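Engineer: Throughout, our numbering is defined as the position within the sequence shown, counted from one, plus 201.
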Amino acid sequence: MEISDGGHPLPGTAPRHRAVLGYLLLHAGTVLSADRLIDAVWGLTPPDTARAQVHAAVTAIRRVLRGAGTAEVLETRPSGYVIVPRPGQLDSKEFDAAVADASAEDPEKAVGLLREALTMWRGQPFADVNADYVADARARLLERRLAAVERLMELELSLGRHREVLDELSAEAAAHPLRERLCHHLMLALHRAGRQADALSAGRVFRRRLAEDQGLDPGRAFAVLEQSILNDDPGLHLAPVPSRPAPAAARRANFLPFDIPDFAGRDEELDELERLGAGSGSVTLAAVDGMAGIGKTALAVHAAHRLAGAYPDGQLFVDLHAHTAGQAPLEPGAALEVLLLQLGLPAEAIPSGLVARSALWRSELAGQRVIAVLDNAGSADHVRPLLPGATESLVLITSRRRLSDLDGIRALTVDLLPPRDAVELFTRIIGERAHAEPIAVLDVLQLCGFLPLAVRIAAARLHNRPRWTVQYLAGRLRDQKRRLTELSTADRRLAAAFALSHQYLDEDQQRMFRLLGLHPGHDVDPYAAAALADTPLDRAEDLLEDLLDAHMLQQHEPGRYTFHGLLREHALATAAATEPEQARHSALTRLFDHYLYTARTAMDLIHPYGAGQRPVVPRPDTPLVDLADPAAATVWLETERANLIASGAHTTEHGWPVHTGHLAAILRPYLGHAHHTDALALHTQALQAARTCGERARALTDLGWECWRLGRYAEAVTHSRSAVELARESGDRLLESRAHNTLGNVLWRQRDYPAARDHLETALTLCRDSGNRIGEAHVLGNLAGVHEGQGLLDSAHRHLTDALALHRLLGNRGGEASVLDRLGGMYRRKGCYEEARTHCRQAKELYQELGYASDQAEALNGLGDVARAAGDPARAIAEHRAALALARDHGNLPEQARAHDGLARVHHARNDTGEARAHALQAHGLYTALAVPEADDIAELIRELDVRPTGRASS
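The structure is reproduced here in structure tokens:
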């Protein structure tokens, strides 16, 4: 629904305005009361404001009409409102008049009138209107259009133009498969074109569909036609009429398929195609490429309809069928015949050879402005003979492959629908039901991966099932094993579209596609792909690029390849159906071996001092990643982290428990400093895997340490006590020392200094007895904290000095930073603020350089404590706030509590009671959850704040 002035739509009408306008136009010349308009728009449940909304709509419509200088067509009468359009103003009246004038006495003139009338159709009637009357009105209007199409096809066939209308007739019959008269015309056209088998096949398909959908048989005339075709009745044949040239109206005929009425979004792509369509004085070639179901054809056809006025010499369309189920691709020669017939050439004027047809095509287009859509192309070679020469025409090519081999081509890759456009498409199909469940609509769209075909299928299923809610549909789609099955209707199956894309890959590409579906992570690089497929690196890269060109893979950054979610499910299902179980298992084993070995290599570069404590991993036979230095190793770990964690989950659940345990042990120092959530997940998986492969002591030790890092002290104690017992039984002094170290740290935080000292001294003895120098350095730093808490400052300082020297000797820069931070705290307590600030700053900078963000929060809190003690409240607030942000980002509860504590005390010192109390309460909640004595300290501050008036100090 729109009001236009000189072909330009005028803004200013909202959806409810258009609903009122539409009903007035349907009854042009009839006075409609407000009550009748209310009934039409809202049905039996009008809102209380319905009458006011009708009045507001009429006012808004009149305002827009006034802008076009035609406000007088909308009149207010005593009994209501009436629209009295002038001749030429209302397209439906113009359409009806043209159809009425199409007399059978002059079939040529009738064809011209009907074609001109049908060009007025721009989509589905009332596509942008939601009102009670719309469904019935839309059905009546569409019936008028179909009747005109059927009349047009009948006239064209009477003139012997069966070849010329075959494409158009096939498209209409496919769009309306239960329309008997259309099928009748199609069968006759096919038979006259020498395609008797296809004609009979079309009849059989129609019979089956009619019986399945309506339980009916075709009429008598249909049965007579079927028998006549079967008998090759000579009376069915009618010679073409080539004696006079086709009239101008026929040569300018629009052969574009019906523009889908609920087309949504793609504004940027349409703008780009319109810019190309502006013309450059020569032929313009545009290739619209993208994955199956992305909406390439819909976009190209919609754009062609919008641009049709700029190409008055013809709007042509041919389906090349490169990816059409059950149909071989259309050869270039046959495609040229279709295009030349659409230009109006008689069949006998078209030569038989490809070269001659291509030359004639270029000759016919010379000097003309034609828009031609070459849909569903398989490759550059498929369309190269169809490209015109010296012409100002526009050729839009759609393909599932990138056609980069075509010189001068403008490529437009179609991506997934943005969420807003996907919501619009879904809503246009299912109507008001979408507004009632907006969150569920987003769930469905995400489960469809914002792929237009999937969205259409899901919406169509919902539209045809009025008792379903959107949430119910979302629940069905969440079942990953049946999602592709759910995304199918009687005529459309997403899995079938994907299968066709897979079918046109070569054997190696198909195998790579299937094996990539086994990958448990989000994306792959060529090394991982080479491991999966057991192929050389350069071959793996070539196959990945081939799949990218075929839009079977996506690429969001160079060197990384990923699936659309639904294609990943299809790849996995295809692998399960075609790859033997042993082949799948071997492929994944190669992948996990690749990740394990490369992770071990990376960790040896980053933490060489701990190499002896990591599991030994054999060198795989697949291509190795070249990690030249610690920086490259860190980049690889960061890039592959999500895949490594996903691999750990998969190996735990599907029979590679040793891989899980080894991966957790290898990655422990890396994950434990900055990626606590991932570390907790992986160590939990390792503990689960240990039930079948042993190494339970190691898993418990690592899990206990990570719980300590996150402030989950009760769990840390439970896991570490179990680890101590298991390690002692097995004689593993390394794990026993680490478990004692964790217990000592927890007890230190709880200010149980004697017990903490016992565990840490036991850990120190075990480290020294087993020659574990790195463990010794860590325990010395922790023991210093206990001694400091007991007031043994000289001993604490000595332990920290020894720990710092050991960390520097071993090259453990993370351990060095930890000791520097603790030295800063000791100097602060002594009142040596410059030394304290220097040590804490060095710790922060070192953590920052290493990428240990969670530990950096500890150093920032240390700087905040120094600034507060030195009388610099502004600096203290800045440091504690920075610490709080980092601690929150990384789930570090102890440092969150410490930051709130510091902020509370700074604001208290500044007499900012409100801020102080807010932070104190946050700190108290966290300390209480951690079960540490600091909860009592901050509670005392809260009591003091409660007796003071709320105030804010001036700075």
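Just so it is clear, CB atoms sit at the ideal spot from N, CA and C, and this is done for glycine as well. Note that the coordinates shown come from a computational prediction; the quantities given were computed from them, not determined experimentally.
1. With distance defined between alpha-carbon atoms, name the residue in Arg974, Asp368 and Asn942 nearest to Asp959.
2. Considering Gln612, what are the terminal residues of the beta strand (DSSP E) in which it resides?
3. Considering only C-alpha positions, which residue in the set Asp724, Glu344, Ile495 and Ser938 is nearest to Ile658?
4. Less than 8 Å separating the beta-carbons of Ala774 and Leu685?
5. Going by other Cβ atoms of all chains shown within 10 Å of its Cβ, with 16 needed for buried, is Met321 buried or exposed?
6. Quick one: grab the DSSP three-state call for Leu617.
7. If you draw a straight line from the C-alpha of Arg382 to the C-alpha of Leu411, how long is it?
8. Decide if the region 747-755 is in contact with the region 692-707; the criterion is three or more beta carbon pairs, one per stretch, under 8 Å apart.
9. On the three-state DSSP scale, how would you describe Gly515?
10. Between the Cα of Asn1062 and those of Leu457, Ala1044 and Glu1050, spot the shortest distance and give me the residue it belongs to.
11. If distances are taken between C-alpha atoms only, which option among Gly244, Ala229, Arg264 and Ala253 comes closest to Pro212?
12. Just to confirm before moving on: does the CB-CB distance between Ser702 and Ala778 stay below 8 Å?
13. Is Val274 near Pro286, with beta carbons less than 8 Å apart?
14. Need the endpoints of the alpha helix (DSSP H) that His438 sits in, please.
15. Buried or exposed for Ser234, going by 16 or more other Cβ atoms inside 10 Å?
16. At the level of alpha carbons, what is the spacing between Leu845 and Ala220?
17. Which residue marks the beginning of the alpha helix (DSSP H) containing Gly281, and which one marks its end?
18. Does the distance from the C-beta atom of Ala505 to that of Val574 stay below 8 Å?
19. Here's the rule I'm using: 16 or more other beta-carbon atoms within 10 Å means buried, otherwise exposed. How should Val836 be labelled?
20. Per DSSP, His363 is paired with what?
21. In three-state DSSP terms, what is Ala301?
22. In three-state terms, what does DSSP make of Glu1145?
23. Of the choices Tyr728, Leu738 and Ala612, whose alpha-carbon is the least far from that of Asp1159?
24. Find out if the Cβ-Cβ distance for the pair Ala1100, Leu1085 is shorter than 8 Å.
25. At the level of alpha carbons, what is the spacing between Leu379 and Asp463?
26. Would you mind reading off the limits of the alpha helix (DSSP H) that contains Thr790?
27. In chain order, what are the residue ranges of uninterrupted alpha helix (DSSP H) at least 4 long that sit wholly in the region 838-923?
28. Using alpha carbons as the reference points, say which of Arg913, Arg1023, Leu967 and His855 lies closest to Arg929.
29. Starting from Asn577, trace the beta strand (DSSP E) in both directions and tell me its first and last residue.
30. Alpha carbon to alpha carbon, how far is Arg899 from Tyr673?
31. Measure the CB-CB distance between Val671 and Leu678 and report whether it falls below 8 Å.
32. Relative to the C-alpha of Leu695, which candidate in Ser559, Asp724 and Leu768 has its C-alpha closest?
33. Roughly how many whole angstroms lie between the Cα atoms of Leu391 and Ala400?
34. Leaving out the 5 sequence neighbours to the left and right, which residues in its chain are closer than 6 Å to Thr250 when beta-carbon positions are compared?
35. How do the region 1047-1057 and the region 869-878 stand: do at least 3 beta-carbon pairs fall below 8 Å, yes or no?
36. With three or more C-beta pairs closer than 8 Å as the rule, is the region 519-539 touching the region 578-585?
Structural biologist: This is what the structure gives:
1. Taking only the C-alpha atoms, the option nearest Asp959 is Asn942.
2. In the sequence on display, residue 612 carries Ala and not Gln. Going by DSSP, Ala612 is part of the beta strand (DSSP E) stretching over Arg611 to Thr614.
3. Comparing Cα positions, the closest option is Ile495.
4. Cβ atoms of Ala774 and Leu685: closer than 8 Å.
5. Around the beta carbon of Met321, a 10 Å sphere encloses fewer than 16 other beta carbons of the protein chains shown; the residue is thus reported as exposed.
6. Note: Leu617 maps to coil in three-state DSSP.
7. Taking the straight line joining both Cα atoms gives about 13 Å.
8. They touch, by the three-pair rule.
9. Here DSSP, grouped into helix, strand and coil, assigns Gly515 to coil.
10. In this structure, Ala1044 is the residue among Leu457, Ala1044 and Glu1050 with its C-alpha nearest to the C-alpha of Asn1062.
11. Selected option, being the one with the closest Cα: Arg264.
12. No, these two residues do not count as a Cβ contact at 8 Å.
13. Val274 places its beta carbon less than 8 Å from that of Pro286.
14. Run containing His438: none; DSSP gives neither H nor E here.
15. Residue burial is scored here from C-beta neighbours: Ser234 has fewer than 16 other C-beta atoms within 10 angstroms and is therefore classed as exposed.
16. In a straight line, the C-alpha of Leu845 is about 55 Å away from that of Ala220.
17. Per DSSP, Gly281 lies in no alpha helix (DSSP H); the unbroken beta strand (DSSP E) holding it starts and ends at Gly281 to Ile284.
18. Taking C-beta atoms as the reference points, Ala505 and Val574 count as a pair closer than 8 Å.
19. A residue is called buried when at least 16 other Cβ atoms come within 10 angstroms of its Cβ; Val836 does not meet this threshold and is exposed.
20. Here His363 is not bridged, per DSSP, to any residue.
21. Correct three-state label for Ala301: helix.
22. Secondary structure of Glu1145 (DSSP, three-state): helix.
23. Nothing about residue 1159 can be read from this structure; the chain reaches only from 202 to 1156.
24. Cβ atoms of Ala1100 and Leu1085: closer than 8 Å.
25. Each residue's Cα considered, the two are about 21 Å apart.
26. Taken as a continuous stretch (DSSP letters only), the alpha helix (DSSP H) holding Thr790 covers Glu782 to Ile807.
27. Correct list: 858-875, 877-894 and 897-910.
28. Among Arg913, Arg1023, Leu967 and His855, the Cα nearest to that of Arg929 belongs to Leu967.
29. In the DSSP assignment, Asn577 falls within the unbroken beta strand (DSSP E) covering Ile572 to Ala578.
30. For Arg899 and Tyr673, the distance between alpha carbons rounds to 45 Å.
31. Against a cut-off of 8 Å, the Cβ pair of Leu678 and Val671 comes out as no contact.
32. The shortest C-alpha separation from Leu695 is found at Leu768.
33. Distance between the alpha carbons of Leu391 and Ala400: 5 Å.
34. Result list for Thr250: empty, nothing under 6 Å.
35. The region 869-878 and the region 1047-1057 touch, with three or more beta-carbon pairs separated by less than 8 Å.
36. The count of Cβ pairs closer than 8 Å, one atom from the region 578-585 and one from the region 519-539, reaches three, so the stretches are in contact.
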